[in-house]
Amino acid sequence: MIELKDIRRCFESDRVLYSAHARREMRNEEFGPIVDQEVYELVCSGEIIKQYPDDMPYPSCLIYGTTNTRRPLHTVCAYDQENDQVVIITVYHPALALWEDYTRRKK
Numbered sequence: 041m042i043e044l045k046d047i048r049r050c051f052e053s054d055r056v057l058y059s060a061h062a063r064r065e066m067r068n069e070e071f072g073p074i075v076d077q078e079v080y081e082l083v084c085s086g087e088i089i090k091q092y093p094d095d096m097p098y099p100s101c102l103i104y105g106t107t108n109t110r111r112p113l114h115t116v117c118a119y120d121q122e123n124d125q126v127v128i129i130t131v132y133h134p135a136l137a138l139w140e141d142y143t144r145r146k147k
């Protein structure tokens, strides 16, 4: 299981990589571009709402958090335990039409 403290430690130590997909999603977000600082803020304020322990090449998780301006965001990030680094897979503004309180998928 990924622990949020490990992800936060990687952010504090500048051991974070962004996938090309994440960069594209951040740039093209329909509610306005998402910048690295906002990803950091969402991780600092956030909670893990779903674990994906079988993802390859590293286990990953979905984090919900808000920025300092209260912008709600999700990120899926993988944790490379061997190298103690985080890979940001995607970042997006969750649509309330799909999420209850941004933390549970609507059925």
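The opening position of the sequence shown corresponds to residue 41 in the numbering used here, with each subsequent residue numbered one higher. A virtual CB, placed ideally from N, CA and C, is assigned to each residue, including glycine.
query: Cβ-based burial, E52 [other Cβ within 10 Å; buried from 16]; result: exposed
query: Cα-Cα separation, I129 to G86; result: 16 Å
query: First through last residue of the beta strand (DSSP E) which encompasses Q91; result: 87-92
query: L138 classed as buried or exposed, judged by whether at least 16 other C-beta atoms fall within 10 angstroms; result: exposed
query: Nearest-angstrom Cα separation, counted from R110 out to K147; result: 26 Å
query: Expected contact under 8 Å - CB spacing of V116 and E65 to nearest Å; result: No, V116 and E65 are not in contact; Cβ-Cβ is about 10 Å, not under 8 Å.
query: Minimum C-alpha distance to P44 - residue among M96, D95, G105, A60; result: Per the sequence shown, residue 44 should be read as Leu rather than Pro. Considering only alpha carbons, the answer is G105.
query: H133 versus R63: straight-line alpha-carbon distance, rounded; result: 14 Å
query: Start-to-end residues for the beta strand (DSSP E) that takes in D120; result: 112-120
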